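The structure under discussion appears below in the form of structure tokens.
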Amino acid sequence: MTGPGATEEAANEQPITATDWQHHAATLTLPADPAQTRLIEISLALAPRSRWRRGLPSVTLTAAGQAPLTYSLEARRRDQRIAWRLPPCTNEVTLNLALSGARLTVAPQASCHAQPAIEGPILIVAPHPDDAEIAAGGIYTDHAESVHLVTLSCGEQLKGLKRQYLSGLDDDLDSAVRRKAEWRRWNVFATPLLSGIPPERSTLVGVPDGAGWALVHDGIAQRPAIALSEARRFNHLALPPIRGERLERDDVVAALRQLIDTLQPVTLLVTDPEFDPHPDHRAASLALALALDGSRHRPRTVLLYANHYREAFPPGPAFQPAWMPPAEIAIERLFTPAPTPLAWPLSTEMQKHKALLLDAMSDLSPRAGWPQRRRRARRASFVPTFARERDPYFQAAIRSTELFRALPCDAFVAAWCGRNDAC
10 MTGPGATEEA
20 ANEQPITATD
30 WQHHAATLTL
40 PADPAQTRLI
50 EISLALAPRS
60 RWRRGLPSVT
70 LTAAGQAPLT
80 YSLEARRRDQ
90 RIAWRLPPCT
100 NEVTLNLALS
110 GARLTVAPQA
120 SCHAQPAIEG
130 PILIVAPHPD
140 DAEIAAGGIY
150 TDHAESVHLV
160 TLSCGEQLKG
170 LKRQYLSGLD
180 DDLDSAVRRK
190 AEWRRWNVFA
200 TPLLSGIPPE
210 RSTLVGVPDG
220 AGWALVHDGI
230 AQRPAIALSE
240 ARRFNHLALP
250 PIRGERLERD
260 DVVAALRQLI
270 DTLQPVTLLV
280 TDPEFDPHPD
290 HRAASLALAL
300 ALDGSRHRPR
310 TVLLYANHYR
320 EAFPPGPAFQ
330 PAWMPPAEIA
340 IERLFTPAPT
350 PLAWPLSTEM
360 QKHKALLLDA
370 MSDLSPRAGW
380 PQRRRRARRA
390 SFVPTFARER
400 DPYFQAAIRS
410 TELFRALPCD
420 AFVAAWCGRN
430 DAC
């Protein structure tokens, strides 16, 4: 791919030819491959917007025989990308782009990516309760019969007593932290039931919330804020016991390795270390690579997801296609070639089901008052009409596609272990 926002060519990228874009329309011709589902990535170079201009720009994509799709764009970023899932058996398509609140400086650039198959068993690695639901609630519902979820932390961190789910419930912070851990531990095992995933296919490791990177990357042992016997109380699959009072890096790696060897997944889902800057999320990705490095079983594919971004957040309201982060906000370059973008489609009914999954998560369900909603709307440059009193993830995560980046498991392990002494 060349042009605005271009990155190193991704794996599975296919050649594509386009007529010159005239009046924001072009005909794309792809290699003949009737059985292959493909993703069209379109890079847009936008003219600078006035800092005083309100509202979000958008682009509407129209193709023959398809319903128009509108994508919200970031207000002040020049190079942006959108992704469109091409129907199978399509070798030629005419696309029309209609921009609102923005204008192009050069013609768009298009590239095509073959979509890897997603096969079970599937193991989803989540740093905290709700990370799997935010990123992959649709894909795990569609594959409920073959999914196992492992959550590393109870997500017990609490900034103060005023942040309790129920005001005035506990009078001291230690008790409030333990109470929050109980609450979110329940989320780990109960919420997937909405999608038909029984509690015996959820596992909790008990990594201290907020200490993941120090533990996994730096190798600094951590004392669990919640006793491991409590954190792991509802686990159906027993994990290796720790040797002392502190949790070591090897304890986390051994837990993940045992799950991999026992479940023998074909597909893994984990946080994207190139785009997600949250330290606990980067730690989850590294811990999985360390576990795979010594495992007897080697899965085929790793799907990377990001729930946090550097100086960015998915723009616009719910029910539109997933946002495709621009290459410039990546925090580092770890994988060569770049992973393949993969868009998993969600029907309208599945998007509504995903809203139930998010609402079942205690950290996402609190209602915001009018002053907080007004501040959020000002920051986001739009006023939501759906779930307006709920967490911003109800807008960012409930979309008509879920976006991942796919790469072979061997490439995932080699990239991490090529720069980490723990392998």
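For the sequence shown, our numbering gives the first residue as 10, with consecutive numbering after it. By construction, the Cβ of each residue, glycine as well, lies at the ideal position given by its N, Cα and C atoms. From a predicted model like this one, the values you see are computed outputs, not experimental measurements.
Judged by DSSP in its simplified three-state form, Tyr-174 adopts coil rather than helix or strand.
Taking one beta carbon from each stretch, the segment 251-267 and the segment 327-337 have fewer than 3 pairs nearer than 8 Å; the two do not touch. Taken through DSSP and simplified to helix, strand or coil, Gly-74 comes out as coil. Val-392 sits in coil when the DSSP states are folded into three classes, being neither helix nor strand. Among the bridge pairs identified by DSSP, Gln-118 is matched with Ser-52. Annotation for Met-370: Pro-138, Asp-139, Glu-142, Asn-196 and Thr-200 place their beta carbon closer than 7 Å to its own, counting only its chain and skipping 5 residues before and after. Counted as a single uninterrupted DSSP element, the stretch harbouring Tyr-318 is not any beta strand (DSSP E), since DSSP gives it neither H nor E.
In this structure, DSSP gives Glu-257 a state outside helix and strand, which the three-state scheme calls coil.
By the C-beta criterion, the segment 124-134 is judged not to be in contact with the segment 99-107, since fewer than 3 inter-stretch pairs fall below 8 Å. Taking a cut-off of 8 Å for Cβ pairs, the segment 310-325 and the segment 247-256 do not touch, as fewer than three such pairs fall below it. The three-state reading of DSSP puts Phe-413 in strand, counting E and B together. Contact between Gly-221 and Pro-233 does not hold, since their C-beta atoms are separated by about 12 Å, which reaches or exceeds 8 Å. Residue pairing by DSSP places Glu-101 opposite Thr-38 in a beta bridge. At the C-beta level, Trp-353 and Phe-395 stay beyond 8 Å of one another. Per the coordinates, the alpha-carbon of Val-115 lies some 8 Å from the alpha-carbon of Leu-55. When Cβ pairs closer than 8 Å are counted between the two stretches, the segment 296-306 is seen to touch the segment 264-283, the count reaching three or more. In terms of Cβ geometry, Leu-65 and Ser-390 form a close pair [threshold 8 Å]. In its chain, beyond the 5 residues on either side, Pro-77, Thr-79 and Ala-107 have a beta carbon closer than 6 Å to the beta carbon of Thr-69. In the displayed model, Val-68 falls within a strand according to three-state DSSP.
Counting only the Cα atoms, Arg-87 lies some 8 Å from Leu-53. The Cβ-Cβ distance between Asp-289 and Asn-316 does not fall below 8 Å. According to the DSSP assignment, Pro-350 belongs to the beta strand (DSSP E) that extends over 349-354.
With fewer than 16 other Cβ atoms inside 10 Å of its own Cβ, Ala-386 counts as exposed. Rounded to whole angstroms, the gap between the alpha carbons of Val-134 and Ala-327 is 25 Å. Contact between Glu-209 and His-245 holds: CB atoms are separated by about 4 Å, below the 8 Å threshold. Listed in chain order, the non-local C-beta contacts of Leu-248 below 6 Å within the same chain comprise Ala-264, local neighbours out to five positions each way being set aside. Contact between Leu-237 and Val-279 is absent: CB atoms are separated by about 22 Å, not below the 8 Å threshold.
Just so you know, the alpha carbons of Gly-325 and Thr-46 end up roughly 27 Å apart. In this model, Gly-177 and Lys-171 are separated by some 8 Å (Cα to Cα). Given a length threshold of 3 residues, each whole run of the beta strand (DSSP E) inside the segment 168-233 is given here in chain order: 211-216. Closest option to Arg-384, judged by alpha-carbon separation, among His-33, Ser-374, Thr-349 and Asp-400: Asp-400. The Cβ-Cβ distance between Ala-293 and Leu-202 does not fall below 8 Å. Shown here for Ala-84: same chain residues with a beta carbon closer than 7 Å to its own, the five before and five after excluded, namely Arg-58, Leu-65, Pro-66 and Ser-390 in chain order. DSSP places Gln-89 in the strand class (E or B) of the three-state scheme. For the 8 Å CB-CB criterion, Gly-129 and Ser-109 do not form a contact. Between Ser-304 and Gln-360, the C-beta spacing is not below 8 Å.
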